[in-house]
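The sequence shown begins at 28 in this note's numbering and counts up one residue at a time.
Worksheet for the structure shown next.
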Amino acid sequence: MNKYVRATVSLVAVQAVLLGGYLLVGERRGSAAGAQAPEIIALPLPDLVVRYADGSSGNVADLRGQPILLHFWATWCPPCRDELPGLLALAEGERMRVLLVALDKDWGPVRRFLDATVPASIALADGNEVERLFGVHELPETFVVDHTGSMTLRFRGGRDWTTAATLDLLPQEIR
């Protein structure tokens with residue numbers, strides 16, 4: 028094998044290894060294994076109108092007075108789909124209110140994704156409004172809101188909401 032062929036084969040092998048590493052990191056980004064630590068914030072909960080599956084609507088700011096886990100997701104977002112079962116299980120607890128706000132255009136994709144009745148913890152909101160009010164540019168994204176209506180933590184990316192390690196990141200009063 029001449030030196031040019033050997034050099035080409037070596038270069039292709041290095042590129043394949045680099046591409047594999049890049050794809051692996053991209054795959055892990057947003058997964059529970061690659062989840063980022065929450066960002067500590069202190070921002071008031073904005074007024075955001077959400078629509079519920081029963082046809083009613085409400086404002087998330089009206090939920091002040093109780094701790095809230097406010098989660099933004101969409102059916103077309105793979106990490107969102109992966110973490111939703113854990114969040115729905117968390118919503119069944121009584122320590123905090125969990126509001127899972129889908130940014131899909133209408134209820135059709137959400138109903139098809141759930142393949143069942145839409146739980147009361149799920150609402151729809153306009154994605155442009157969420158981006159403007161909350162600065163959400165990538166999904167999923169979750170905020171912890173304390174009983175005063177102050178957003179105290181911001182979680183970017185997907186995670187497993189059923190693990191002790193994730194739950195330990197939440198303030199004691201809402202676990």
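Think of the CB as a built atom: it goes at the ideal place given N, C-alpha and C, for glycine as much as any other residue.
Alpha carbon of residue i to alpha carbon of residue j, nearest angstrom
| i | j | result |
| --- | --- | --- |
| Glu158 | Thr190 | 28 Å |
| Arg63 | Phe140 | Before going on, a small fix: residue 63 reads as Gln here, not Arg. Computed Cα separation, rounded: 26 Å. |
| Ser83 | Leu194 | 31 Å |
| Asp153 | Asp131 | 8 Å |
| Ile67 | Val87 | 20 Å |
| Leu151 | Pro198 | 26 Å |
| Arg181 | Asn155 | 19 Å |
| Gly53 | Pro106 | Note that Gly53 scores 38 on pLDDT, short of 50, meaning its location in the model is unreliable and no value can be drawn from it. |
| Met178 | Pro112 | 23 Å |
| Pro94 | Ala80 | 23 Å |
| Leu166 | Thr102 | 10 Å |
| Asp89 | Ile149 | 16 Å |
| Leu97 | Arg124 | 8 Å |
Simplified DSSP state of residue i, which is helix, strand or coil
| i | result |
| --- | --- |
| Glu156 | helix |
| Leu90 | helix |
| Leu97 | strand |
| Glu200 | helix |
Residues sharing a beta bridge with residue i, DSSP
| i | result |
| --- | --- |
| Ser177 | Pro71 |
| Ser148 | None; Ser148 has no bridge partner. |
| Arg183 | Glu168 |
| Gly4 | The structure shown has nothing for residue 4, since the chain only spans 28 to 202. |
Terminal residues of the alpha helix (DSSP H) in which residue i lies
| i | result |
| --- | --- |
| Glu110 | Pro105 to Ala118 |
| Arg139 | Trp134 to Leu141 |
| Thr193 | Ala191 to Leu194 |
N-terminal and C-terminal residue of the beta strand (DSSP E) that residue i is part of
| i | result |
| --- | --- |
| Ala129 | Arg124 to Ala129 |
| Thr169 | Glu168 to Val172 |
| Val76 | Val76 to Tyr79 |
Query raised in the report: Do the region 116-123 and the region 131-145 make contact, defined as three or more Cβ pairs closer than 8 Å?
Result: no
Query raised in the report: With a cut-off of 8 Å, do at least 3 Cβ pairs link the region 129-138 to the region 168-178?
Result: no
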